[in-house]
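All remarks here apply to the structure that follows.
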Amino acid sequence: MSSTETKKQASPAQPRRRLSREERHRQLLDVAWRVIREDGTEALTLGHLAEQAGITKPVVYDHFTTRPGLLAALYQEFDARQTMLMDAALQASEPSLKGRALVIASSYIECVLLQGREIPGIIAALAGSPELARIKRAYEAVFIEKCRVALTPFSGAAPLPPAGLWAMLGAAEALSHAATTGDITAAQAQDELFETIVAMVGRSTRDSTLHAIGV
């Protein structure tokens, strides 16, 4: 036996480095995304997450407490990513209706597609719980306000109607879901959402003009 082999046999196994709380939280979120991607949202339980992450259940419960808490954390991460992408794109966009509408449409669809099949499942789970529905509703309100601020300069004297903004969000969710399931392409989803946004603002501008001339 060579001296090198002897040294290898004599060397004790290196202990695994203990993850910090932040690192463990990141690991658990990454594993949760993978579980949803591979097995669907219904497979994501705290016990299954612990098994997939190779840790004990109490560690997972210490981070998320409940399954709704885990789903909320995943949705919050998705929303933060979507907000960052959209904010950066809006800052760099052309200050025109078409420029802003293109940014909103492409940012929303692209962000959902980055998460693949995970996001529709999480959104469905959020809608099934009053607690999670409130969280989703709060983030939707923030998104709508961001869109309102970005599009108002092109809507004429009248403010953008809340109903139109909510309709835009409904279209965004439906189109992004259809794109993730392959019923339509990402380009088709973006184009349709772009046209929906432009039409909504155009309708507001037209109504404002008609009101101004007393029609």
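Sequential numbering of the sequence shown, starting at 9, is according to this note's numbering. Beta carbons: idealized from backbone N, C-alpha and C, even for Gly. Note that the structure is a prediction, hence the values are computed from the model and not measured.
- A contact between stretches requires three or more CB pairs, one per stretch, nearer than 8 Å, and the stretch 100–120 meets this requirement with the stretch 196–204.
- If you keep only unbroken beta strand (DSSP E) runs of at least 3 residues inside the stretch 111–141, you get nothing at all.
- Annotated as proximal: A187 and Q196, with beta-carbon spacing under 9 Å.
- Q84 counts as exposed, since fewer than 16 other C-beta atoms from the protein chains shown sit within 10 angstroms of its C-beta.
- In its chain, beyond the 5 residues on either side, P167 and L168 have a beta carbon closer than 8 Å to the beta carbon of T160.
- Secondary structure at G107: helix, using DSSP grouped into helix, strand and coil.
- Contact between M208 and G178 is absent: CB atoms are separated by about 12 Å, not below the 8 Å threshold.
- The distance from the Cβ of K65 to that of G77 is about 14 Å, inconsistent with a contact at the 8 Å cut-off.
- Here the alpha carbon of V157 sits roughly 34 Å from the alpha carbon of I44.
- Secondary structure of I192 (DSSP, three-state): coil.
- C119 is positioned such that its CB atom lies no closer than 9 Å to that of Q99.
- Boundaries of the alpha helix (DSSP H) harbouring F86: R75 to A100, taken from the DSSP string.
- DSSP places A40 in the uninterrupted alpha helix (DSSP H) bounded by R29 to D47.
- The C-beta of L122 has fewer than 16 other C-beta atoms within 10 Å across all chains shown, which makes the residue exposed.
- When DSSP states are grouped into helix, strand and coil, P66 belongs to the helix group.
- Apart from the 5 residues on each side of it in sequence, I143 sits with its Cβ closer than 8 Å to the Cβ of A80, Y83, Q84 and L134 in its chain, given in chain order.
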